[in-house]
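Using our numbering, read the sequence shown as starting at 41 and increasing by one per residue.
Structure record follows, encoded as structure tokens.
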Amino acid sequence: MLRVMSLRGIWGAAIACTVGAMIACSSSMSASDTDNGDAATDATLGDAADGSSDASTSVGPRGVYIANGFRSLVEAGTLTPIFQAELTSPFVDGFYIELHWSDVEPTHGAYQWDGILGSQLQAVAAAGKKATIAVGAGLNAPPWICGDAGVACLPLVYQEVVPSGSAACENVLFPLPWDATLQARFAEMVTSLAQYVAASPYRSSVVQVKITGINTQTDETNVPFSKGGASACAGGSACDDAGSCALTDSLSALYDAGYSETTMTTAFLAYAAMFHTSFPTIASGSMVSG
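Here it is in structure tokens:
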């Protein structure tokens, strides 16, 4: 199930981002799907009061985009072999560049955009393609977030869902997405990303950024939704010698920590505002699955 919603709809009404929901929110910033008749809101988002779009605002990605699956398009200075065919294919319009927050900011304020993002944007531009960018948080937040930063983090025994077989069980810390300190640190990263993209010679290749910040293990907008219980596992810090682990009931744990429809709606709108403020002329969107 997939539903597309404009950012105007998100901005103008509360969104109930419930645990395990399956929603995809994407803004194309076109007159047909962003006008809500509210002149003030339209003006804020760069649209005319009559519903026409500001020509300076990106209309977002169109066509076939290949997700890099958190693997760089460029490794050791050369194109990654598995992406070479896609980069030259006339049937591919662009690439969905997925990054981990922990990789781009391993220590507070020390950003690694050149080595992680710059080379990928260069490869995309050289191939005449477009790019969308996402920086996943959640379990991919830097370790210092749950350490020195003082962010409220929820301890979990977590196991990634895999199509078949057993996955590792790990003891993890999940930063609570409504935590004010987390949001402040994430906003700093988003601002830095925006500054890097604006100064990049490949700026014109970037057609969308993903609204992230509420993530588990990918850039999809969701939170852990395990119901807990015993599970078979293949290694990991929480997997016992018999190949079993006791998963945390993350649903109950999140509610105990303050999760609610209101809390999550407010948090999502806060993250959306970060991206809209930092990228006023580039389309933004968010995908949720569970």
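Where a beta carbon is used, it is the ideal one built from N, C-alpha and C, also for glycine.
| Asked | Found |
| --- | --- |
| Member of 267, 266, 180, 131 whose CA lies at the smallest distance from the CA of residue 222 | 180 |
| Cβ neighbour criterion (16 or more within 10 Å) applied to residue 68 | No answer about residue 68 holds up, because its pLDDT of 32 lies below 50 and its placement is not dependable. |
| N- and C-terminal bounds of the beta strand (DSSP E) containing residue 140 | 134-140 |
| Residue 56, DSSP secondary structure in three states | Low confidence applies to residue 56: its pLDDT is 31, below 50, so where it sits in the model is not reliable enough to give any reading. |
| Which of helix, strand or coil DSSP assigns to residue 112 | coil |
| Residues that DSSP places opposite residue 198 in a beta bridge | 210 |
| Boundaries (first-last residue) of the beta strand (DSSP E) holding residue 151 | Run containing residue 151: none; DSSP gives neither H nor E here. |
| Endpoints, beta strand (DSSP E) assigned at residue 105 | 105-107 |
| Contact belief for residue 232 with residue 311 at Cβ below 8 Å, rounded distance in angstroms | Not a contact, Cβ separation roughly 15 Å. |
| Which residues DSSP lists as bridging residue 289, in chain order | 267 |
| Residues bridged to residue 170 [DSSP beta-bridge criterion] | 134 |
| Separation of residue 319 from residue 243, as counted between CA atoms | 12 Å |
| Terminal residues of the alpha helix (DSSP H) in which residue 124 lies | 121-128 |
| Buried or exposed by the 16-neighbour rule on C-beta atoms within 10 Å, applied to residue 122 | exposed |
| Anticipated Cβ contact below 8 Å, residue 251 with residue 263, distance rounded | About 15 Å separates the two Cβ atoms, so there is no contact after all. |
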